[in-house]
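Down below is the structure, laid out as structure tokens.
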């Protein structure tokens, strides 16, 4: 029998974890590092970091300015 995998998604904008409402409004949630640590504590199999602001600024995801 195949094992089920749990995949977590962390949505970020301008380096901050956000909760998106219809990709129109964003509520700040916290720090990326803390969110990744929480997912690791929950033993998530994979983590997707989704930077929803990267394409508007023409920079690569998680690029340090």
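In my numbering, the protein residues as written are 3 to 67. Glycine included, each C-beta is placed from N, C-alpha and C at the ideal position.
Pull the bridge partners of residue i from the DSSP assignment, please.
i: residue 31; result: Paired residues: none, contrary to the question.
Which word fits residue i, buried or exposed, when buried means at least 16 other C-beta atoms lie within 10 angstroms of its C-beta?
i: residue 53; result: buried
Please report the distance separating the alpha-carbon of residue i from that of residue j.
i: residue 17; j: residue 39; result: 16 Å
i: residue 4; j: residue 10; result: 19 Å
i: residue 43; j: residue 6; result: 18 Å
i: residue 23; j: residue 31; result: 13 Å
Between the Cα of residue i and those of the options, spot the shortest distance and give me the residue it belongs to.
i: residue 33; options: 19, 6, 13, 43; result: 19
i: residue 13; options: 21, 41, 44; result: 21
i: residue 26; options: 36, 35, 15; result: 15
i: residue 37; options: 51, 8, 29, 56; result: 51
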